[in-house]
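Note sheet for the following structure.
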Amino acid sequence: MRTSRLLLATEREDPSDAEIVSHRLMIRAGLVRRLAAGLYTWLPLGLRVLRKIEDIVRDEMDRAGAQEVLMPAVQPAELWMESGRWDHFGPELLRLRDRHERDFCVGPTHEEVITDIVRREVRSYRQLPLNLYQIQTKFRDEVRPRFGVMRAREFIMKDAYSFDLDEAGSRRSYEAMRDAYRRIFARTGLDFRVVEADSGAIGGSRSEEFHVLAESGEDDIAFNDAGTYAANLELTPAPPPPSRGPAAETMREVSTPDVRTISEVSRRLGVPPERCLKTLFVEGDAGPVALVLRGDHDLNLVKASRLDGVRAPVALASPDAVREAAGAGPGAVGPVGLGVPVVVDRWAAAARDFVCGANRDDAHLAGVNWGRDAPEPATADLRNAIEGDPSPDGRGAISIRRGIEVGHVFQLGRKYSESMHAVCLDESGRARTLEMGCYGIGVSRIAAAAIEQSHDENGIVWPDAIAPFEVALLPVNAHRSGRVRDRSEALYEALRAAGIEVLLDDRAIRPGVMFSEMDLIGIPHRLVLGERRLDEGAIEYRRRRGGETEIVPLEEAVAHVAARLDRRSGEG
RNA sequence: CGGGGUAUGGCGCAGUCUGGUAGCGCACCUGCUUUGGGAGCAGGGGGUCGGGGGUUCGAAUCCCUCUACCCCGACCA
Numbered sequence: 002m003r004t005s006r007l008l009l010a011t012e013r014e015d016p017s018d019a020e021i022v023s024h025r026l027m028i029r030a031g032l033v034r035r036l037a038a039g040l041y042t043w044l045p046l047g048l049r050v051l052r053k054i055e056d057i058v059r060d061e062m063d064r065a066g067a068q069e070v071l072m073p074a075v076q077p078a079e080l081w082m083e084s085g086r087w088d089h090f091g092p093e094l095l096r097l098r099d100r101h102e103r104d105f106c107v108g109p110t111h112e113e114v115i116t117d118i119v120r121r122e123v124r125s126y127r128q129l130p131l132n133l134y135q136i137q138t139k140f141r142d143e144v145r146p147r148f149g150v151m152r153a154r155e156f157i158m159k160d161a162y163s164f165d166l167d168e169a170g171s172r173r174s175y176e177a178m179r180d181a182y183r184r185i186f187a188r189t190g191l192d193f194r195v196v197e198a199d200s201g202a203i204g205g206s207r208s209e210e211f212h213v214l215a216e217s218g219e220d221d222i223a224f225n226d227a228g229t230y231a232a233n234l235e236l237t238p239a240p241p242p243p244s245r246g247p248a249a250e251t252m253r254e255v256s257t258p259d260v261r262t263i264s265e266v267s268r269r270l271g272v273p274p275e276r277c278l279k280t281l282f283v284e285g286d287a288g289p290v291a292l293v294l295r296g297d298h299d300l301n302l303v304k305a306s307r308l309d310g311v312r313a314p315v316a317l318a319s320p321d322a323v324r325e326a327a328g329a330g331p332g333a334v335g336p337v338g339l340g341v342p343v344v345v346d347r348w349a350a351a352a353r354d355f356v357c358g359a360n361r362d363d364a365h366l367a368g369v370n371w372g373r374d375a376p377e378p379a380t381a382d383l384r385n386a387i388e389g390d391p392s393p394d395g396r397g398a399i400s401i402r403r404g405i406e407v408g409h410v411f412q413l414g415r416k417y418s419e420s421m422h423a424v425c426l427d428e429s430g431r432a433r434t435l436e437m438g439c440y441g442i443g444v445s446r447i448a449a450a451a452i453e454q455s456h457d458e459n460g461i462v463w464p465d466a467i468a469p470f471e472v473a474l475l476p477v478n479a480h481r482s483g484r485v486r487d488r489s490e491a492l493y494e495a496l497r498a499a500g501i502e503v504l505l506d507d508r509a510i511r512p513g514v515m516f517s518e519m520d521l522i523g524i525p526h527r528l529v530l531g532e533r534r535l536d537e538g539a540i541e542y543r544r545r546r547g548g549e550t551e552i553v554p555l556e557e558a559v560a561h562v563a564a565r566l567d568r569r570s571g572e573g
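Structure follows, in structure tokens:
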């Protein structure tokens, strides 16, 4: 490709509405343009990246024995009513009505459609196992789309669905997908982690997420240095608490006007945050439920949602509801003499001589002890694991990093096959409900995640495998030098003939502009052809990622570049 | 959903408080000079000032209203 024919829509200034680096760079490098909130057009350069990612995904899915299909984006409501999700999916499901007043939705995922296909087409166990996938546009009407294509409403997803006769087969299908995903993310050149994930919401037996490590990620993942434990922080159990010591203080009420937060309480009373307990009211099935944690710990919403009597998803009670239940506003409530169900985190239950709200405005209690001043509490693991906690598998300590979820694998069980009657006959002629798995990859999100992980002050630094072009060929002032022009044209053809994806900058512009633009769009390898080097029969080669400039004989240029391309085939 | 903010040429912004001929930088077009890390000079094109309504002799500017978009929050307890 020549820059003179490429829609190179680069910007010199950062867009005003882009917050994170990948969003800024995707706009500036001319990869995408926003059409409306959460809706993006992929420009030629961006689409090349997307296609590279798709090719890797397709290659590995096919290698793993999956078959590609393509399902409609718009789906009839009947299928969703059959699975029960028409009523349960909520406002993220974009619903629409056609001219005949029939209800449809724009698919946020395709379990219903694929299950419908399979129940119609698969009759015998001989047709199993079956794994069907597609790479297609999804729509989820996010409350708050943000970060460009990272959390868009419309996005490209690879979704695969496996069907097996029994659980053992389903587990094999799941393992095969898990392995394929490892190969896919390894080939894209991203630094990723496989983490245990919450399968509660969809109700499967096993689930893991694939996360790209990046500060801008929206998920917290916990892992140990040994590499033997990795899980979404939502799921990471906190370690067992220390034992509680004997009470040393007597309970007393202290006046604490204008003191609300733990840090204020701690400072005012001179008590460290770990001995200041906080009491959170969440909505429960029968009025609010109080959850008590140490001041230095955070409530884990997934753990809380699993408590009996707590409404899922967890919602904090309104300040009015808190006042009605406790007789004081949030900030002055505590477990002593409280008339609502109380569940206490194990670490908070191990506290002694602690501070908590007095259930009277502007007052706290100090020197409080369980069993004496408040009843021995019901306990549960409610807090998030924190940096330095012992790893749940007993090996080393936990580190917590931010991650961007780019893939998710699920063993679904029979959730959809049962409600939608997807059955087939086994060897004995008996009808068996199929075991399903589903497996997603955020194709468009991978492009953004790659930039989050790999950029510098000059722009994007693409991994070779997903770069829009492998090498940029930059003739210096070719419009003034027939020699430079002729040699660069010849080299361009030679690179193409060698199967190398080259972008020739054949515009009559100053070299500085070329360098800046090629850095911005992140082409990983660069050849610069100028009169000076040409006199020596040489050319300059440089790697985008912090490389030194190398002087290479012109006739060796193609081989030099070819030897430096990182083309991971996925073999081995 | 709650809170905050923004909307002026393709992009980034000033002008709005205090009403009076719509501006700057970048980008774009032409010419000359320049030419190894986003050149200089000169000339030029391009704007219903988000939409609607109102006040006024006169509205980007004041009032009402609608819309779009962005940010923060949904863990103070």
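Per my numbering, numbering of the first sequence is gapless, rising by one per residue and ending at 573.
Virtual Cβ for every residue (Gly too), placed ideally from N, Cα, C.
Here the structure is a predicted model, which is why all the values come from computation and not from measurement.
Ranking I54, E93 and G218 by CA distance to the CA of F470 puts I54 first.
If you draw a straight line from the Cα of S163 to the Cα of L131, it comes to about 6 angstroms. Counting only the Cα atoms, I387 lies some 15 angstroms from R396. Collapsing the DSSP output to three states places F470 in coil. Non-local beta-carbon contacts of L505 in its own chain, meaning distances under 6 angstroms to residues more than five positions away in sequence, involve R3, L474 and Y493 in chain order.
Beta-carbon to beta-carbon, G108 and Q128 are separated by about 25 angstroms, too far to satisfy the 8 angstroms threshold. Partner residues in a beta bridge of R172, as assigned by DSSP, do not exist. The beta carbon of A305 lies closer than 7 angstroms to those of V283, L292, V311, V315 and L383 in the same chain, with the five residues before and after it left out. Taking the Cβ atoms as the reference, L44 lies roughly 6 angstroms from A10, within the contact range of under 8 angstroms. A direct Cα-Cα distance of roughly 25 angstroms separates C439 from I467. For Q137, the uninterrupted beta strand (DSSP E) run begins and ends at L131 to F140, by DSSP. Relative to R353, the option among G414, E428, P331 and V272 whose CA is nearest is V272.
In terms of CA proximity to E265, G358 leads the group I222, G358 and G246. Counting C-beta atoms within 10 angstroms of its own C-beta, E14 has fewer than 16 neighbours from the protein chains shown and is therefore classed as exposed. Short of 8 angstroms from the beta carbon of E537, and not among the five residues preceding or following it, lie these beta carbons of its own chain, in chain order: I552. DSSP links E541 through a beta bridge to V529 and I552. Cα atoms of T110 and E83: separation of roughly 15 angstroms, rounded to the nearest angstrom. Ranked by how close their Cα comes to the Cα of E209, the residues T189, Q68, E176 and D192 have E176 in first place. Under DSSP, no beta-bridge partner is assigned to I501. The way I'd put it, the segment 116-123 doesn't touch the segment 135-150; fewer than three beta-carbon pairs between them come closer than 8 angstroms.
The three-state reading of DSSP puts P242 in coil, since its state is none of H, G, I, E or B. Burial check for S455: the Cβ neighbour count within 10 Å reaches 16 or more, so the residue is buried.
The Cβ atoms of I157 and S445 sit closer than 7 angstroms to each other. In the displayed model, E102 falls within coil according to three-state DSSP, outside both helix and strand. In the DSSP assignment, F516 falls within the unbroken alpha helix (DSSP H) covering P512 to I522. Linking A223 to P240 through their CA atoms gives a straight-line distance of about 13 angstroms. Exposure of T229 is indicated by the presence of fewer than 16 other C-beta atoms within 10 angstroms of its C-beta. In this structure, V303 and E235 form a Cβ contact; the two beta carbons are roughly 4 angstroms apart against a cut-off of 8 angstroms. For the pair E453 and I461, the Cα-to-Cα distance works out to about 9 angstroms.
Closest option to L191, judged by alpha-carbon separation, among D18, V343, A495 and A450: A450. Secondary structure of I399 (DSSP, three-state): strand. Counting of Cβ neighbours within 10 angstroms places G372 among the exposed residues, the total staying below 16. Between G85 and S418, the gap from beta carbon to beta carbon reaches 7 angstroms or more. Taking a 10 Å sphere around the C-beta of R49, we find 16 or more other C-beta atoms and assign the residue as buried. The beta carbon of P238 sits closer than 8 angstroms to those of D382, A386 and P393, all from its chain and outside the five residues before and after it, given in chain order.
Look at P320 here: in three-state DSSP terms it is helix.
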